[in-house]
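Numbering (UniProt numbering), first residue to last: 1 to 271. Glycine included, every Cβ here is placed at the ideal spot set by N, Cα and C. Note that this is a predicted model, so its numbers are computed, not measured. The structure under discussion appears below in the form of C-alpha cells.
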Amino acid sequence: MIYRRLSEIIKRTCWICFGDEDDDLEAEWTHPCNCKGTSAWVHQACLQRWIDEKQNGVADFAVSCPQCGIEYIIAYPQRGFLMKLLDAGEKVTDALSPYITVTILLGSLYWSAVSYGAVTMVQVLGHNDGWNLIEKSDRLPLVIGLPAIPLILVLYKTVAWEDRCLRWIRQTSHKYSVATPEDRPQRVPAEPTHSTDLSSLSRIICGALALPTIAVTCGNLFYGNYSLSNWQKALMGGATYVILRGAVKMYYKQQQYVQQACRKILNYPVD
C-alpha cells in the first residue's frame, strides 16, 4: 500500500533528458535494467539515440547500463533468408579483408622486387647478356634470386662497417687527425646512437637500391678504357665507390668525434 502511494506521488523521470511524464504524455517509457529510483525509467526514444551513439553503426555491439552494468536486451525484427545471407557475407568479408589486403601488398612488393632484380641484372651484365641469362635460367632460381637482389642490398646497407673500422683505428692508433698533442682532449665523447626513424630507413633503402646504378656509372667512368666485361666494370666501380664513400664517411665522423672531444663549457658572462 505504501509502495503504491509512493509510485503515484513520484513521477517517472528520464535519466537521459531528465524529462518527466508531464513533459510528453505520449512518450514511450521503458525499464531496461535493474536500476531503481530516478535511474529506473528512460524514454524509449532517448535510449535509442544513446545506444546509437555507443554502437557507432555496429549493430552487434553490446551496450550496458552505465549505472548497474546490466546489458540491454535489444530485439530486432525477424530477418528473412536473404538478409541473413547478406549479413553472413558481410561478416566473412570483414574477416577476410585484412588478410587479402596483406596478401596483395606482399604480392605487389614481391613482384616489384622481381622487376628490380631483373633490371639490375640487365644493367650490370649489359642488355644482351642480362636478358640471355634471364631467358636461359630455370624458373625456380629466377623466382628466388631476382627478389633476393634488393633484399641483399638493403641488408648490406644496414651493416655499419665504417663505424667498426673507425673504432678499430681509434683503439690501435690513439691519434687524432686534427688536434695537436698539446690540445689532445682528455675525455672520450659518448658514441652517437643510431637513429631508427623514417628518415634513416628511407636513406638506407634509397642508398641500397641506387647502389647498382652507381656501381655501373663508376665502372664506366673509372674503368671504361680497360678491356673488362660489363659485370667486371660494375664490380670494380661498386668496390671503388664503397671504399671511397667509406673513407669520406669515416673522416667526417672522426672530425665530429674530435669536435665533441675538444668541446669546452664556458663560464656564464657576468656584467
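Could you check whether the stretch 150-165 touches the stretch 196-216, counting it as contact only if at least three pairs of C-beta atoms, one from each stretch, sit closer than 8 Å? yes
Could you compute how far the alpha carbon of residue 169 sits from the alpha carbon of residue 188? 15 Å
Could you give the DSSP three-state label for residue 119: helix, strand or coil? helix
Where residue 108 sits in the DSSP three-state scheme: helix
Would you please state the rounded distance, in angstroms, between the beta carbons of residue 262 and residue 241? I believe it to be under 8 Å. Actually they do not touch by this definition, with Cβ atoms about 32 Å apart.
Excluding the five sequence neighbours on either side, which residues of its own chain have a C-beta within less than 7 Å of the C-beta of residue 67, listed in chain order? 35, 39
Going straight from the alpha carbon of residue 12 to that of residue 61, what length do you get? 28 Å
Let's see if you can read the secondary structure: which residues bound the alpha helix (DSSP H) around residue 170? 161-173
Helix, strand or coil at residue 231 according to DSSP, with G and I counted as helix: helix
In chain order, what residues of the same chain lie with their CB nearer than 7 Å to the CB of residue 131, ignoring the 5 residues before and after it? 122
Indicate the three-state DSSP secondary structure (helix, strand or coil) for residue 131 in the structure shown. helix
Closest residue to residue 70 among 33, 135, 93 (Cα-Cα distance): 33
Quickly, what does DSSP pair residue 13 with across the bridge? List them, please. 20
C-beta neighbour in chain D for residue 122, strict 8 Å: The structure shown contains no chain D; it is built from a single protein chain.
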